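In what follows, a single structure is set out as structure tokens and then discussed.
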């Protein structure tokens with residue numbers, strides 16, 4: 001099953017590698033690693049979010065191994081999608097393989113398409129789609145949007161992203 | 169009373185507005201201690217000069233100066249020859265080479281004359297060069313009317329919000345695009361229909377590409393980035409997508425979910441793109457209105473909106489720039 005883990009690593013070389021060992025030992029397949037270097041904690045540690053595919057029963061073992069290695073485990077459990085965002089696509093959405101477009105987001109492990117509405121006015125006319133993407137955090141939303149932007153360029157789709165509430 | 173001799177270069181829609189506004193507001197400006205005297209107007213056909221001030225009634229009815237010109241001087245020649253304190257440059261915008269406005273502004277600044285303009289082209293092409301030329305000659309270059317028309321944006325950031333760190337500015341900077349998108353959403357009509365309607369109303373040009381392809385908005389992004397963020401960028405640094413690909417179906421889908429689609433320019437991201445904006449957001453204005461959200465550290469987000477174009481509206485921004493030049497002088501004199 002897909003699980004996410006929020007860890008805090010010491011800001012010294014080799015810590016990420018150290019944190020990976022318990023995951024390897026317990027046969028966790030890593031889907032994504034987001035290293036929030038810009039969000040250093042007041043304790044001087046660096047938050048890292050792992051999304052992994054692993055047997056849930058091994059989770060406690062992983063946690064205690066991490067703790068014994070000096071890694072702080074802030075949270076570990078099922079993937080929680082805490083951010084979501086609306087996007088509109090315009091173009092030949094079905095002909096350019098909608099399944100693939102969605103899969104490019106879903107396969108990240110940190111984001112997924114959760115809602116989809118499609119309007120097709122005519123065979124040769126561009127169709128329009130509304131979709132909602134949810135992700136495990138703001139950074140992941142940005143990554144998912146940049147994937148979608150890239151897909152849009154490849155498939156000649158107009159990608160209409162939401163305006164952000166705050167300055168970047 | 170401080171007398172300011174003004175030369176106007178460019179006598180199109182905005183030029184007429186400037187003559188009208190300078191005439192209408194002359195008494196009010198005198199109360200502020202400024203005698204704004206329009207001593208010459210130049211267009212592509214010639215120049216009319218009057219040391220005592222141009223009689224607006226005589227020229228406002230004329231489309232060009234062909235019938236009223238008192239001299240055949242044009243452009244730079246007129247700027248060099250006429251002893252004015254300030255040049256208002258409102259010739260047509262060319263965003264590729266900036267001419268003829270760029271040459272006019274260079275001549276004026278090099279001649280020690282302040283420049284106030286609504287012409288984006290020269291600023292997009294050569295902002296840092298013009299700014300340096302102004303500094304070297306101890307004069308000012310003011311261009312509030314180039315970004316957001318009458319909506320206060322540059323002066324708002326430079327003066328009123330002074331002391332704030334500006335994180336970014338996002339907004340609707342083109343009234344033509346906003347009108348087209350608003351009508352498409354309201355009436356569920358395709359882009360081409362809304363465009364024809366805008367053309368019939370004189371809101372869109374016969375060749376609308378400059379507006380609808382996002383070129384105009386990108387020009388404003390360049391000006392804001394250079395003037396307010398010291399970015400020293402060119403037009404080609406902006407990632408531009410226009411509105412021609414937006415469908416009424418996309419607008420309808422967005423609206424069902426609580427969003428409008430607007431052409432948004434973003435500084436310092438340097439993008440111009442159709443963007444989803446929540447319907448209740450203060451920047452989601454309709455019709456030909458422009459709007460801008462300014463993200464600051466101390467004041468949070470400030471949003472302004474107003475008419476982005478129009479003869480009198482643009483002239484209003486120009487008048488405000490003219491006055492600000494002499495107010496600044498007065499403040500400087502204290503120190």
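Residue numbers (my numbering), protein chains in the order written: chain A, 1 to 168; chain B, 169 to 503. Beta carbons are placed, not taken as given, at the ideal position from N, Cα and C, and that holds for glycine. Note that the coordinates shown come from a computational prediction; the quantities given were computed from them, not determined experimentally.
Item checked: Limits of the unbroken alpha helix (DSSP H) element including residue 128 of chain A -> In the DSSP assignment, residue 128 of chain A falls outside any alpha helix (DSSP H) and lies within the beta strand (DSSP E) extending over 127-135.
Margin query: Closest to residue 479 of chain B by C-alpha separation, out of B/311, B/461, B/273, B/180, would be which residue?
Written below: Minimum Cα distance to residue 479 of chain B is reached at B/180.
Check: So, are the CB atoms of residue 78 of chain A and residue 46 of chain A less than 8 Å apart?
Finding: Taking 8 Å as the Cβ cut-off, residue 78 of chain A and residue 46 of chain A do not qualify as a contacting pair.
Item checked: Under 8 Å from the C-beta of residue 123 of chain A: neighbouring residues of chain B -> Within chain B, not a single residue places a beta-carbon under 8 Å from that of residue 123 of chain A; the smallest gap is close to 14 Å.
Item checked: Same chain, Cβ closer than 6 Å to residue 362 of chain B, five either side skipped, listed in chain order -> Cβ within range, chain order: 348, 351, 352.
Margin query: Any contact between the segment 136-153 of chain A and the segment 429-449 of chain B? By contact I mean 3 or more CB pairs, one from each, below 8 Å.
Written below: Contact fails: fewer than three Cβ-Cβ distances are below 8 Å.
Check: residue 470 of chain B CB to nearest chain A CB: under 8 Å?
Finding: Closer than 8 Å: no.
Check: What do you get for residue 59 of chain A, buried or exposed, if any count of 16 or more other CB atoms within 10 angstroms of its CB means buried?
Finding: Burial call: buried.
Check: Does residue 382 of chain B have its Cβ less than 8 Å from a Cβ in chain A?
Finding: Output row for residue 382 of chain B: interface = no.
Notebook entry, point to check: Taking 8 Å as the CB-CB cut-off, is residue 338 of chain B touching chain A?
Noted result: For residue 338 of chain B, the nearest beta carbon of chain A is closer than 8 Å to its own beta carbon.
Note to self: Any beta carbon from chain A within less than 8 Å of residue 393 of chain B's own beta carbon?
What the structure shows: It does not: the Cβ of residue 393 of chain B has no partner Cβ on chain A nearer than 8 Å.
Notebook entry, point to check: The beta strand (DSSP E) with residue 50 of chain A in it runs from where to where?
Noted result: It spans 46-53 - the beta strand (DSSP E) in which residue 50 of chain A sits, taken as one unbroken run.
Item checked: Nearest candidate by alpha-carbon position, reference residue 288 of chain B, set B/217, B/385, B/245 -> Nearest of B/217, B/385, B/245 to residue 288 of chain B, Cα basis: B/385.
Item checked: Interface positions of the segment 420-433 of chain B facing chain A (Cβ-Cβ less than 9 Å), listed along the chain -> For the segment 420-433 of chain B, residues whose beta-carbon sits nearer than 9 Å to a beta-carbon of chain A comprise 420, 421, 422, 424, 425, 426, 427, 429, 430, 432.
Item checked: Other residues of its chain near residue 85 of chain A: CB distance less than 6 Å, five sequence neighbours each side excluded -> Taken in chain order, the residues that qualify are 133, 141, 162.
Check: Over what stretch of residues does the beta strand (DSSP E) that includes residue 428 of chain B continue unbroken?
Finding: 427-435 is the span of the beta strand (DSSP E), which, as asked, contains residue 428 of chain B.
Check: Taking C-beta to C-beta, are residue 486 of chain B and residue 186 of chain B nearer than 8 Å?
Finding: Cβ atoms of residue 486 of chain B and residue 186 of chain B: closer than 8 Å.
Notebook entry, point to check: Is there at least one Cβ from chain B nearer than 8 Å to residue 9 of chain A's Cβ?
Noted result: False, the Cβ-Cβ gap to chain B never drops below 8 Å.
Notebook entry, point to check: So, is the C-beta of residue 450 of chain B closer than 8 Å to a C-beta in chain A?
Noted result: Chain A contact via Cβ: absent.
Checklist line | Member of B/218, B/463, B/462 whose CA lies at the smallest distance from the CA of residue 237 of chain B | finding: Selected option, being the one with the closest Cα: B/218.
Notebook entry, point to check: Taking the C-alpha atoms as reference points, what is the distance between residue 56 of chain A and residue 72 of chain A?
Noted result: Straight through space, the alpha carbons of residue 72 of chain A and residue 56 of chain A are spaced by roughly 19 Å.
Margin query: According to DSSP, is residue 103 of chain A part of a helix, a strand, or is it coil?
Written below: The answer is helix: DSSP assigns residue 103 of chain A an H, G or I state.
Check: What is the C-beta distance between residue 88 of chain A and residue 422 of chain B, in whole angstroms, given that I count them as a contact (C-beta under 8 Å)?
Finding: Indeed they touch by this definition, with Cβ atoms about 5 Å apart.
Check: Can you tell which of B/201, B/169, B/245, B/235 has the C-alpha that lies nearest to the C-alpha of residue 175 of chain B?
Finding: Nearest C-alpha to residue 175 of chain B: B/245.
Next item on the list: From the DSSP output, read off the bridge partner residues of residue 112 of chain A.
Entry: For residue 112 of chain A, which the question treats as bridged, DSSP gives the partners A/134.
Note to self: I'd like to check one pair, residue 315 of chain B with residue 391 of chain B: are the Cβ atoms closer than 8 Å?
What the structure shows: For residue 391 of chain B and residue 315 of chain B, yes; Cβs fall inside 8 Å.
Check: Does the ligand HEM have even one heavy atom less than 7 Å from the beta-carbon of residue 294 of chain B?
Finding: Although the ligand HEM was asked about, the structure shown includes no ligands whatsoever.
Margin query: Using only the alpha-carbon positions, how far apart do residue 205 of chain B and residue 474 of chain B sit?
Written below: One C-alpha to the other measures close to 28 Å.
Notebook entry, point to check: Are at least three pairs of beta-carbons, each pair with one atom in the segment 451-470 of chain B and one in the segment 322-335 of chain B, less than 8 Å apart?
Noted result: Segments in contact, yes.
Checklist line | In DSSP terms, what residue 216 of chain B is bridged to | finding: According to DSSP, which records beta bridges pairwise, residue 216 of chain B is partnered with B/209.
Note to self: Looking at the strands, I want to know which residues DSSP matches up with residue 471 of chain B.
What the structure shows: Paired residue(s): B/461.
Notebook entry, point to check: Do residue 207 of chain B and residue 233 of chain B have their C-beta atoms within less than 8 Å of each other?
Noted result: No.
Next item on the list: Keeping to the same chain, check which residues put their C-beta closer than 7 Å to that of residue 61 of chain A; ignore five residues upstream and five downstream.
Entry: If we look at residue 61 of chain A and ignore the five residues flanking it on each side, its Cβ neighbours are 26.
Checklist line | the segment 279-288 of chain B / the segment 239-256 of chain B touching (three or more Cβ pairs under 8 Å) | finding: Between the segment 279-288 of chain B and the segment 239-256 of chain B, the count of C-beta pairs closer than 8 Å reaches three or more; the two stretches touch.
Checklist line | Residues of the segment 433-444 of chain B whose Cβ lies closer than 9 Å to any Cβ of chain A, in chain order | finding: So the close ones are 434, 436, 437, 441, 442, 443, 444.
Check: Ordered along the chain, which non-local residues of its own chain (more than five positions away) have a Cβ less than 8 Å from that of residue 499 of chain B?
Finding: Its pLDDT being 47, under 50, residue 499 of chain B is placed unreliably by the model, and the measurement read from it follows with that caveat. Apart from sequence neighbours up to five positions away, no residue of its chain approaches residue 499 of chain B with a beta-carbon distance below 8 Å.
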